[in-house]
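In order, the protein sequence lines correspond to chains A and B.
Under my numbering, think of the first position of the first sequence as 22, with each following residue one higher.
Under my numbering, think of the first position of the second sequence as 22, with each following residue one higher.
We put the beta carbon where it would ideally sit given N, CA and C, even for glycine.
So the structure is just underneath, and the comments pick up after that.
There are 2 protein chains.
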Amino acid sequence: MSFRTRIEETSKDKDSRIVLALDFPFQEQKNRSQLLHRAEKMLKSVQEHICAVKINHHLILPFGTFGGIQELLRKIHRQQLVAIMDCKANDIGATNRVIAEYYYSAGFDALIANPFVGWEEGLEPIFEAASRHKKGVILLAYMSHKGAKEGYDQTISDSKTGRQLKQYCSFARKALSWNADGVVVGATYPEKIKEIHQILGEKTPIYSPGIGTQGGKIKTALEAGAKYLILGRVITTSEDPDKTAKELNKKIRNAIKIGVA
Amino acid sequence: MSFRTRIEETSKDKDSRIVLALDFPFQEQKNRSQLLHRAEKMLKSVQEHICAVKINHHLILPFGTFGGIQELLRKIHRQQLVAIMDCKANDIGATNRVIAEYYYSAGFDALIANPFVGWEEGLEPIFEAASRHKKGVILLAYMSHKGAKEGYDQTISDSKTGRQLKQYCSFARKALSWNADGVVVGATYPEKIKEIHQILGEKTPIYSPGIGTQGGKIKTALEAGAKYLILGRVITTSEDPDKTAKELNKKIRNAIKIGVA
Numbered sequence: 022m023s024f025r026t027r028i029e030e031t032s033k034d035k036d037s038r039i040v041l042a043l044d045f046p047f048q049e050q051k052n053r054s055q056l057l058h059r060a061e062k063m064l065k066s067v068q069e070h071i072c073a074v075k076i077n078h079h080l081i082l083p084f085g086t087f088g089g090i091q092e093l094l095r096k097i098h099r100q101q102l103v104a105i106m107d108c109k110a111n112d113i114g115a116t117n118r119v120i121a122e123y124y125y126s127a128g129f130d131a132l133i134a135n136p137f138v139g140w141e142e143g144l145e146p147i148f149e150a151a152s153r154h155k156k157g158v159i160l161l162a163y164m165s166h167k168g169a170k171e172g173y174d175q176t177i178s179d180s181k182t183g184r185q186l187k188q189y190c191s192f193a194r195k196a197l198s199w200n201a202d203g204v205v206v207g208a209t210y211p212e213k214i215k216e217i218h219q220i221l222g223e224k225t226p227i228y229s230p231g232i233g234t235q236g237g238k239i240k241t242a243l244e245a246g247a248k249y250l251i252l253g254r255v256i257t258t259s260e261d262p263d264k265t266a267k268e269l270n271k272k273i274r275n276a277i278k279i280g281v282a
Numbered sequence: 022m023s024f025r026t027r028i029e030e031t032s033k034d035k036d037s038r039i040v041l042a043l044d045f046p047f048q049e050q051k052n053r054s055q056l057l058h059r060a061e062k063m064l065k066s067v068q069e070h071i072c073a074v075k076i077n078h079h080l081i082l083p084f085g086t087f088g089g090i091q092e093l094l095r096k097i098h099r100q101q102l103v104a105i106m107d108c109k110a111n112d113i114g115a116t117n118r119v120i121a122e123y124y125y126s127a128g129f130d131a132l133i134a135n136p137f138v139g140w141e142e143g144l145e146p147i148f149e150a151a152s153r154h155k156k157g158v159i160l161l162a163y164m165s166h167k168g169a170k171e172g173y174d175q176t177i178s179d180s181k182t183g184r185q186l187k188q189y190c191s192f193a194r195k196a197l198s199w200n201a202d203g204v205v206v207g208a209t210y211p212e213k214i215k216e217i218h219q220i221l222g223e224k225t226p227i228y229s230p231g232i233g234t235q236g237g238k239i240k241t242a243l244e245a246g247a248k249y250l251i252l253g254r255v256i257t258t259s260e261d262p263d264k265t266a267k268e269l270n271k272k273i274r275n276a277i278k279i280g281v282a
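The following block contains the structure:
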């Protein structure tokens, strides 16, 4: 079963489109162990209301991909959730292959990569490793921060046709032709979600971060075509993460029910 | 003293322009500890012939940024060498800040970032952390692999003037205006080194990977304007790394002596 199908089925089973971004602030070495406790506690409080967990360097840098992280991944899987590594891979192929081996072997079900690095000796080895390990690859198409405009929104000339197009449209097309399992588009740019969704159709789901803390809105993102909402600080820094996750999931379900997504 | 000045002085003291890329293949958990031994052994064999060590995810993913890696960084510093983390950071600002804190606190003297992510809520927090920790930031301008053409060589329209320019020229200009401590340009594209060097002048040094295994040539890269040569597999997978590093450094010195760089 492809990653795309796995997360879709998990999402149906859990009745949730929430990908929890399990990120925490920088910690000194002496406070490092509390990070894993906090991560496990957070997972436990919200696991009923989510379909996936996204981990970033906030948890990888203090621990690496062995030991505590693998135990956390086992706990995620025991809840029938999927785990995504948000490494935004953008290295040369030989290095990308090593990166993919560490993350997939650790237990991650998919990783996020930057299509800017290109295919040949670039992302090809990641897609190859994904296919060998039966895992997924999600590509960045338009990030959620303000400066995203500089790169993702720039106008480029197509190298073959010379025709002008937007960088994010080129990335969306690469996601289709490389058969990516999804793309990331910031909820802070709903008009870009819409445009990218028109290119991708229903084949390639859109993962949308940037709700809440960064200013994105759930209903607008879903309406524009986002399938999964990546929610981090809006849940993890709230006073009652369980309650917040439950309410946000209810909001998402209601939006879907009234037909916005 | 800025990172730029520190590596320049180290390079003069050591009479070397070689940045050793200390990369090793993927290892299973049971063989993990041998990685640090290999890294230390490699460092010991070649430390006389290099001015800096570049570490990538090959060593960070199995260990994280505490423990063994910090001990390795102390060994690098004890040899009066500088340490660069090649994380190719390209996340949102809040995450980039956490990434920079982990690497700089661990002891890295500089890190490599991708300017594609933009400034506002993008790389700004990395430059801010670098300035606070008195460390460096090096930007990617043109990578060494074949697929680099897809992104780095694309023609873009300047968002202000509408004028067409190459992506790598735009990155080189950002390196100047953001006051980066250097840029990375693949030795496999000497004509790009030349063009980028014309934009940067002597202010911002060019770090050039891709010699040997990937096909780049020392003399050509130096002639085109590269200041530091990032050498990895050509040394680390050779039968006698000490001898290889020594010979390569001699080749570089000779090229400089006859005035190519």
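Item                                                                                                                                                                  : Value
Just to make sure I have the definition right: I need the residues of chain B whose C-beta is within less than 7 angstroms of the C-beta of Lys181/A. Which are they? : Ordered by position in chain B, no residue passes the 7 angstroms Cβ test against Lys181/A, which lies about 11 angstroms from the chain.
If we require 4 or more residues per run, which alpha helix (DSSP H) segments fall completely within the region 229-270 of chain B?                                   : 239-245 and 254-257
Between which two residues does the beta strand (DSSP E) carrying Cys108/A extend?                                                                                    : Val103 to Ala110
Please check if any C-beta of chain B sits within less than 9 angstroms of the C-beta of Asn135/A.                                                                    : yes
Does the separation of the CB atoms of Thr31/B and Ala73/B fall below 9 angstroms?                                                                                    : yes
Per DSSP, Ser178/A forms a beta bridge with which residues?                                                                                                           : Gln185/A
For a test of the three-state rule: what should DSSP assign to Ala193/B, helix, strand or coil?                                                                       : helix
Note the first and the last residue of the continuous beta strand (DSSP E) segment covering Gly157/A.                                                                 : Gly157 to Tyr163
Please list the terminal residues of the continuous alpha helix (DSSP H) segment that includes Leu94/B.                                                               : Gly89 to Arg99
Ends of the beta strand (DSSP E) at Leu132/B?                                                                                                                         : Ala131 to Ala134
Is Thr265/B close to chain A? Criterion is C-beta to C-beta, closer than 9 angstroms.                                                                                 : no
In its own chain, which residues sit with a C-beta less than 6 angstroms from the C-beta of Lys62/B, not counting the 5 before and 5 after it?                        : none
Please list, in chain order, the residues of the region 89-120 of chain B that have any C-beta partner in chain A closer than 7 angstroms.                            : Lys109, Asn111, Asp112, Ile113, Gly114, Thr116, Val119 and Ile120
Among residues of its own chain, excluding the 5 on either side of Pro211/B, which ones have a beta-carbon nearer than 8 angstroms to its beta-carbon?                : Gly237, Lys238, Thr241, Ala242, Glu244 and Ala245
Measuring CB to CB, does Ala131/B end up less than 9 angstroms from Leu144/B?                                                                                         : no
One question on the structure: do Ser165/B and Ala196/B come within less than 9 angstroms of each other, judged by their Cβ atoms?                                    : no
Could you list which residues in chain B have their beta carbon closer than 8 angstroms to that of Trp140/A, in chain order?                                          : Gly168 and Glu171
Give the straight-line distance between the Cα atoms of Lys224/B and Ile147/B, rounded to the nearest whole angstrom.                                                 : 20 angstroms
Looking at the unbroken alpha helix (DSSP H) that takes in Lys60/A, where does it start and where does it end?                                                        : The question names Lys, but residue 60/A in the sequence shown is Ala. Its alpha helix (DSSP H) spans residues Arg53 to Val67.
What separation, rounded to the nearest whole angstrom, lies between the Cα atoms of Gly114/B and Ile279/B?                                                           : 45 angstroms
Where Val119/A and Pro46/B are concerned, what is the direct C-alpha to C-alpha distance, given to the nearest angstrom?                                              : 7 angstroms
So, with DSSP's three-state summary, where would you put Leu80/B?                                                                                                     : helix
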